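Notes follow the structure.
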Amino acid sequence: PQPNRAARQAFFSLNRLYSMTNSSSSSLSEIPSDVQDLVEVFLSKNSTKISLQTLMKTGRGELLNRTYRDESFMYSNERVLMQVANFIRHEMPIRLAHRIHDLDQVPMMREMPSVQAVKSIYINSFLELIDQPVIRSPRDEEDFAKTLESLYENHSNVLIQMAQGAYELREAVRSGQLPDISETMEKGGDIDFDRMDECHSFLDRFYMSRIGIRVLAGQYLSLRSIPRTDYIGMICSCTSPYKVVQHAARDATLMCTRKYGYAPNVVIHGRLDLTFSYVPTHLHYILLELLKNAMRATVEQHDECKDSKILPVVSVIIADAPENEDIVIKVADEGGGIPRSQIDKIWSYLFTTADKHIQEDFIGRENSQDHTSESPLAGLGYGLPISRSYARYFGGDLNILSMEGFGTDAFVYLVRLGDSSEPCAV
480 PQPNRAARQA FFSLNRLYSM TNSSSSSLSE IPSDVQDLVE VFLSKNSTKI SLQTLMKTGR
540 GELLNRTYRD ESFMYSNERV LMQVANFIRH EMPIRLAHRI HDLDQVPMMR EMPSVQAVKS
600 IYINSFLELI DQPVIRSPRD EEDFAKTLES LYENHSNVLI QMAQGAYELR EAVRSGQLPD
660 ISETMEKGGD IDFDRMDECH SFLDRFYMSR IGIRVLAGQY LSLRSIPRTD YIGMICSCTS
720 PYKVVQHAAR DATLMCTRKY GYAPNVVIHG RLDLTFSYVP THLHYILLEL LKNAMRATVE
780 QHDECKDSKI LPVVSVIIAD APENEDIVIK VADEGGGIPR SQIDKIWSYL FTTADKHIQE
840 DFIGRENSQD HTSESPLAGL GYGLPISRSY ARYFGGDLNI LSMEGFGTDA FVYLVRLGDS
900 SEPCAV
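So for the sequence shown, the working numbering puts the first residue at 480; every next one is plus one.
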């Protein structure tokens, strides 16, 4: 069948399906066959990996293919936007199809209402995008941008929704709603959430893919906005780790003070003059997570100190040299450290030390956004693993070393050349 006609038919099927899920007792059935057929088509296609350098060169117009170079009647920026828009039109449905398949197949989590809601968002975006015509003119590109911007906004709180799905899974296991797991518990077994390997692999793939989808769409939409000095879309060619640390420290201090009434000071050492090409919002997310964890641990370990002036400081060191492979940022605290037996749990999406009532309050808010200083100081169980995914997306990494009884050192590795391809999660 014609893809556009099939997509429209699928929309009607999907709307009928999800209109049946308004009551809390309803549950989503399988994906409609017409939608599934379309998903299968795109599952068979190869995804294209990108790198930071590729995004920058494309944004500067250095990688215009012959089709767009020959369109001399158009402004160069129009040609760039048309090429990027057509790439997204081709690439995004492939990535969404893989995530729809994953969301439909992952054991246990696929039954959770919030995960089903996310699947609905992904299916609607997939169908909307495959229904888009080829972009042949600036007017076509403008129409496509409006559609993509709407979809981008629809996905803005998916991270929170998936965290809620993990919360729902924990509660379903504890309340005996999952027969296989409940049987294990009845026999005296204890469910170790951080060892549910298949769910963790799924969440790793999902979040890494989500970063890629947000980067592709966000970069394109940023290229359409008013140009900013030193920026190519959402990439800053003069990203200052020092300034990003300062910004993240202010946000973390606000969050810590809101919770405890005071916060430890942050002292920054090393290459304060360093700049390099990176996405500042990604680096801010990583550093905010590390700093708020360090502040929380410091305050709770030294609860006899009620004054930030006598609390141990949180130390940040920025390291780089011309011959270095990576830029490295270390966040060190004296918050008592983590027992060696518990280290693996910090990378678990299904393990959290956050108070249950805090989780319920935050994930239950209307229009919760992914990355804001309104988030609770004690995490919802995904901050560190997603921070590691952000670091790894452009070829870096995040490692944690802890000395129980003293404190924890976190190391952020960022590839300085920006030529590492994204680890596409398929």
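By construction, the Cβ of each residue, glycine as well, lies at the ideal position given by its N, Cα and C atoms. Treat the numbers as computed from the prediction; the structure is a model and nothing was measured.
- Cβ contact annotation for M882 (same chain, cutoff 6 Å, sequence separation greater than five): G816, in chain order.
- For the 7 Å CB-CB criterion, L863 and I825 form a contact.
- Within the model, the alpha-carbon separation for F566 versus P902 is close to 18 Å.
- Taking one beta carbon from each stretch, the stretch 708–715 and the stretch 598–610 have fewer than 3 pairs nearer than 8 Å; the two do not touch.
- For N633, the three-state secondary structure derived from DSSP is helix.
- Distance from the CA atom of Y828 to the CA atom of G644, rounded to whole angstroms, is 10 Å.
- Within a 10 Å sphere around the beta-carbon of E632 sit fewer than 16 other beta-carbons, which makes this residue exposed.
- Straight through space, the alpha carbons of I614 and M687 are spaced by roughly 28 Å.
- The DSSP-derived three-state label of I600 is helix.
- If only uninterrupted alpha helix (DSSP H) runs of at least 4 residues are considered, none is enclosed by the stretch 699–729.
- Taken through DSSP and simplified to helix, strand or coil, L695 comes out as helix.
- Taking a cut-off of 8 Å on C-beta distances, the stretch 768–779 touches the stretch 723–736, as three or more cross pairs fall below it.
- If you check the CB distance, L880 and S866 do not come in under 7 Å.
- Taken atom to atom, the span from the alpha-carbon of S530 to that of I822 is near 31 Å.
- Here the stretch 790–805 makes contact with the stretch 740–755; the two share three or more CB pairs at distances below 8 Å.
- Pairing V795 with V894 gives a Cβ-Cβ distance that is not under 7 Å.
- Just so you know, the alpha carbons of H569 and T533 end up roughly 17 Å apart.
- In the displayed model, T527 falls within coil according to three-state DSSP, outside both helix and strand.
- Assigned with DSSP and collapsed to three states, K785 falls in coil, not helix or strand.
- Note that the C-beta distance between E620 and M561 is below 7 Å.
- Taking each of D812, F755, V563 and S654 in turn and checking the Cα distance to V778, the smallest one comes out for D812.
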